[in-house]
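K.L.:
Below you'll find the structure I mean.
Numbering (the working numbering), first residue to last: 2 to 455.
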């Protein structure tokens, strides 16, 4: 018996999904619940597990294809019965016919010539047929331009298919034409190619290493690359938010030396006791929750001609991915203590990067926190995550000289750990005075931190 693999319905409002990547190829053995393929919807990107154990017999829907939910996209055979079927290929336009060449005269034993017999129907070598089936027209074009024998290139696509990344990696590795540079470069070289190598991260003055993005696939200058499903949705939502909300931003400088010292003192024991790293994010989230409870209008949403005051604080945490951005939501965050916040933040972040989130876990936020400071930004001016009315951006934590006043009123200059927090808010609903009062309260909470971190 064969088991159908169907496009799942990832939420009540989702009617279709795009297959972005097959993780197995026909003939591969698979176990039930093992990741089988990746999909992208208007809510989440997710890995879809195999519905049964057996052998992947057939892939019916190719990568990059969008289909309705419950569409059969492949089949799994139990015990491997039945020969695996090749992945259906998208038909490419037929190549332009070559110019006819006059037949060459046939050489005779006496040195003369005679007309050649009518040529038989030409048959392409099997090697060429194989390479044609294993590569796209673009890959073959690149191979011709760089004098690359495709039989020497190992394909990583489905069924051993040679992708554009495969041929470019082969060329960049110095195995292509003579004279191809193999030195990494951040800018296109003289031959118009861009290296995909990434230099090792340089330590910063703060003593940590800046995050290094994964290598992105090299692009040929002039290429038109279609938007991914996630990027298309992000673009749509950003424009919609700008058109919907009257965006205003205010920025506050916050001295978090107390929190930095507390974290440095407790982080080792915290991880040993709780099995989770102690990061700065729960400090900012917890302070925001306390401030939102004092200023509920910042946690509200506009609904037609009314204001919806939400019962709970559902905090969206923006997570930067290699392929885009997603905002998982801490539901009922106002009911969690500090340790609970840390655990949920860590869990949602890990599952977002592993494509394990469910659609309901990226819905229902009432306030959003984003952290451009992790990449070195001093501060940002984030776009509101609809239908929220506000979003807080957390800048980088830096040491700087500040004037400090002691309890007796004496001033001195000291080196302090400082962060710049930005609030983006919808001026249709939140007045500037309220936004500033909200941020002043949040600043006071952080600078005078006294809550137990667990």
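Quick reminder that beta carbons are idealized off the backbone N, C-alpha and C, glycines included.
Using the three-state DSSP reduction, which class does residue 237 fall into: helix, strand or coil?
P.N.:
It is helical.
K.L.:
Pick out whichever of 287, 42 and 48 has its Cα sitting closest to the Cα of residue 35.
P.N.:
Selected option, being the one with the closest Cα: 48.
K.L.:
Roughly how many whole angstroms lie between the Cα atoms of residue 331 and residue 394?
P.N.:
The straight-line gap from Cα to Cα measures roughly 17 Å.
K.L.:
Thinking residue 77 and residue 55 are a contact (beta carbons under 8 Å), I'd like their distance in whole angstroms, please.
P.N.:
About 5 Å separates the two Cβ atoms, so the contact holds.
K.L.:
For residue 339 and residue 455, which I take to be in contact (beta-carbon distance under 8 Å), what is that distance rounded to the nearest angstrom?
P.N.:
Indeed they touch by this definition, with Cβ atoms about 5 Å apart.
K.L.:
Quick check: the region 368 to 380 against the region 316 to 329, are there 3 or more CB pairs under 8 Å?
P.N.:
These segments touch.
K.L.:
Could you give the DSSP three-state label for residue 72: helix, strand or coil?
P.N.:
Three-state DSSP puts residue 72 in coil, outside helix and strand.
K.L.:
For the beta strand (DSSP E) that residue 445 lies in, which residues bound it at each end?
P.N.:
Run containing residue 445: none in the beta strand (DSSP E); it sits in the alpha helix (DSSP H), 433 to 448.
K.L.:
How would you call residue 75, buried or exposed, if buried means at least 16 neighbouring beta carbons within 10 angstroms?
P.N.:
Under this definition residue 75 is a buried residue.
K.L.:
Looking at residue 443 and residue 292, is the spacing between their C-beta atoms short of 7 Å?
P.N.:
In this structure, residue 443 lies closer than 7 Å to residue 292 by Cβ.
K.L.:
Give me the Cβ distance between residue 249 and residue 410, rounded to the nearest whole Å; I'm assuming they're in contact under 8 Å.
P.N.:
Not confirmed; about 35 Å, so no contact.
K.L.:
Check each candidate in 171, 42 and 145 and name the one with the smallest Cα separation from residue 156.
P.N.:
The candidate whose alpha carbon is nearest that of residue 156 is 171.
K.L.:
Going by C-alpha distance, which of 450, 375, 386 and 405 is nearest residue 421?
P.N.:
Among 450, 375, 386 and 405, the Cα nearest to that of residue 421 is on 375.
K.L.:
Looking at the unbroken alpha helix (DSSP H) that takes in residue 294, where does it start and where does it end?
P.N.:
Taken as a continuous stretch (DSSP letters only), the alpha helix (DSSP H) holding residue 294 covers 282 to 295.
K.L.:
Identify which residue in 30, 17 and 73 has its Cα closest to the Cα of residue 67.
P.N.:
It is 17.
K.L.:
Would you list the one or two residues that DSSP bridges to residue 402?
P.N.:
Per DSSP, 416.
K.L.:
Would DSSP call residue 65 helix, strand or coil?
P.N.:
Three-state DSSP puts residue 65 in coil, outside helix and strand.
K.L.:
When burial is assigned at 16 or more other CB atoms within 10 Å of the CB, is residue 19 buried or exposed?
P.N.:
Answer is buried; the Cβ neighbour count reaches 16.
K.L.:
Report the three-state DSSP secondary structure of residue 326 (helix, strand or coil).
P.N.:
The answer is strand: DSSP assigns residue 326 an E or B state.
K.L.:
Just curious, the alpha helix (DSSP H) that residue 46 is in, first and last residue?
P.N.:
Element bounds for residue 46: not the alpha helix (DSSP H) but the beta strand (DSSP E), 46 to 50.
K.L.:
For residue 235, which option in 348, 437 and 386 has the closest C-alpha, if you only look at C-alpha atoms?
P.N.:
The candidate whose alpha carbon is nearest that of residue 235 is 386.
K.L.:
Out of 7, 391, 431 and 43, state which residue places its alpha-carbon closest to the alpha-carbon of residue 229.
P.N.:
Closest option to residue 229, Cα to Cα, is 43.
K.L.:
Does DSSP put residue 312 in a helix, a strand or coil?
P.N.:
Coil at residue 312, not helix or strand.
K.L.:
Under the three-state reduction of DSSP, which class applies to residue 249: helix, strand or coil?
P.N.:
Of the three classes helix, strand and coil, the one that applies to residue 249 here is strand, per DSSP.
K.L.:
Can you give me the start and stop residues for the beta strand (DSSP E) that residue 364 sits inside?
P.N.:
It is not in any beta strand (DSSP E) - residue 364 carries neither H nor E in the DSSP assignment.
K.L.:
Out of 408, 417 and 149, which has the shortest C-alpha to C-alpha gap to residue 260?
P.N.:
Residue 260 has its Cα closest to that of 417, out of 408, 417 and 149.
K.L.:
Assign residue 258 to one of three DSSP states: helix, strand, or coil.
P.N.:
In this structure, residue 258 counts as helix in the three-state DSSP scheme.
K.L.:
Pull up the DSSP beta-bridge partners for residue 371, would you.
P.N.:
For residue 371, which the question treats as bridged, DSSP gives the partners 394.
K.L.:
From the DSSP output, in three-state form, read off residue 304 for me.
P.N.:
Three-state DSSP puts residue 304 in a strand.
K.L.:
Reducing DSSP to helix, strand and coil, say where residue 378 ends up.
P.N.:
Coil.
K.L.:
Evaluate residue 312 with the Cβ neighbour count: other Cβ atoms within 10 Å of its Cβ, from every protein chain shown; 16 or more gives buried, anything less gives exposed.
P.N.:
When all chains shown are included, residue 312 counts as exposed.
K.L.:
Starting from residue 353, trace the alpha helix (DSSP H) in both directions and tell me its first and last residue.
P.N.:
That run of the alpha helix (DSSP H) goes 339 to 354.
K.L.:
Report all residues from its chain with a CB closer than 7 Å to the CB of residue 254; omit the five preceding and five following residues, and keep chain order.
P.N.:
Excluding sequence neighbours, residue 254 sits near 419 and 421.
K.L.:
Can you tell me whether residue 390 is buried or exposed, with buried defined as 16 or more other CB within 10 angstroms of its CB?
P.N.:
By the 10 Å Cβ count, residue 390 comes out buried.
K.L.:
For a test of the three-state rule: what should DSSP assign to residue 10, helix, strand or coil?
P.N.:
Note: residue 10 maps to coil in three-state DSSP.
K.L.:
With C-beta atoms as the reference, is residue 72 less than 7 Å away from residue 8?
P.N.:
In contact: residue 72 and residue 8 (Cβ atoms closer than 7 Å).
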